[in-house]
Amino acid sequence: KQEVTQIPAALSVPEGENLVLNCSFTDSAIYNLQWFRQDPGKGLTSLLLIQSSQREQTSGRLNASLDKSSGRSTLYIAASQPGDSATYLCAVRDNYGQNFVFGPGTRLSVLP
Amino acid sequence: GAGVSQTPSNKVTEKGKYVELRCDPISGHTALYWYRQSLGQGPEFLIYFQGTGAADDSGLPNDRFFAVRPEGSVSTLKIQRTERGDSAVYLCASSPSGTWGETQYFGPGTRLLVL
């Protein structure tokens with residue numbers, strides 16, 4: 002059974018810092034991996050989707066990498082801003098089903 | 023265009039009662055997913071519809087949970103004899119065709135509290 006973990010569980014940084022969020026998964030037979038953002042009381046917003054054949058995706062200040070063989074992905078946020086404060090969720094879609102398996106999330110606070 | 027919508031946004035009920043949660047997917051999306059998110063956790067898969075049929079219901083925790091999508095658009099998640107442990111945020115997502123490379127678009131969720 003696929004399991005997804007995220008480290009750290011919570012992170013607080015001053016504005017302007019570059020930061021890295023980590024995601025690990027136990028079964029490397031994944032189809033793709035997606036990073037989401039969740040604001041309090043809101044649904045999930047897709048940030049980046051990496052197919053299993055890709056190694057990274059970039060969107061603005063965000064860069065996500067994927068190392069399928071080691072079961073790891075990182076989300077890099079450059080020049081963090083207070084508006085980046087949210088919970089960041091990693092999810093993998095494996096080769097066995099249509100659904101995503103989510104990690105517990107990293108709660109990020111960017112202080113002005 | 024309109025995103026995924028869910029109603030109600032909040033639902034408070036008593037233990038043992040029956041509840042229905044509604045999801046309106048993005049128009050034209052054939053794939054629809056239900057997830058449940060407990061406090062401090064990531065969402066957990068419940069059920070996936072392709073059109074009107076439940077293609078994968080392996081995530082439903084027990085037979086008190088049931089979902090329908092009779093016309094291939096709106097879906098209703100039904101919970102019978104609610105228990106306090108059912109308290110969570112129920113998220114709905116849709117995608118255009120359900121192909122494995124697609125992203126899923128999530129609604130804001132229904133926050134269910136069972137007293």
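Sequence order for the protein chains is A and B.
Mapped onto my numbering, the consecutive letters of the first sequence carry residue numbers 2 to 113.
Mapped onto my numbering, the consecutive letters of the second sequence carry residue numbers 23 to 137.
C-beta atoms are modelled at their ideal positions from N, C-alpha and C, and glycine is treated no differently.
- When the alpha-carbon of N33 (chain A) is set against those of A:P15, A:S53, A:L20 and A:L22, the nearest one is in A:S53.
- Contiguous alpha helix (DSSP H) elements confined to the segment 51–115 of chain B do not occur, taking only those with 4 or more residues.
- Contact residues of the segment 118–129 of chain B toward chain A are G120, W122, G123, T125, Q126, Y127, F128 and G129 (C-beta to C-beta distance below 8 Å).
- Below the 8 Å Cβ cutoff, chain B contributes G62, Q63 and G64 as neighbours of P105 (chain A), in chain order.
- Going by DSSP, W36 (chain A) is part of the beta strand (DSSP E) stretching over I31 to Q39.
- The continuous beta strand (DSSP E) containing P15 (chain A) extends over residues A11 to P15.
- In the structure shown, D28 (chain A) falls within a coil segment according to DSSP collapsed to helix, strand and coil.
- Identification of chain A residues near L113 (chain B) by a Cβ-Cβ cut-off of 8 Å yields G44 and L45, ordered along the chain.
- Taking 7 Å as the cut-off between beta carbons, the residues of the segment 17–41 of chain A near chain B are Y32, N33 and Q35, in sequence order.
- Within the DSSP secondary-structure output, E57 (chain A) pairs in a beta bridge with A:S66.
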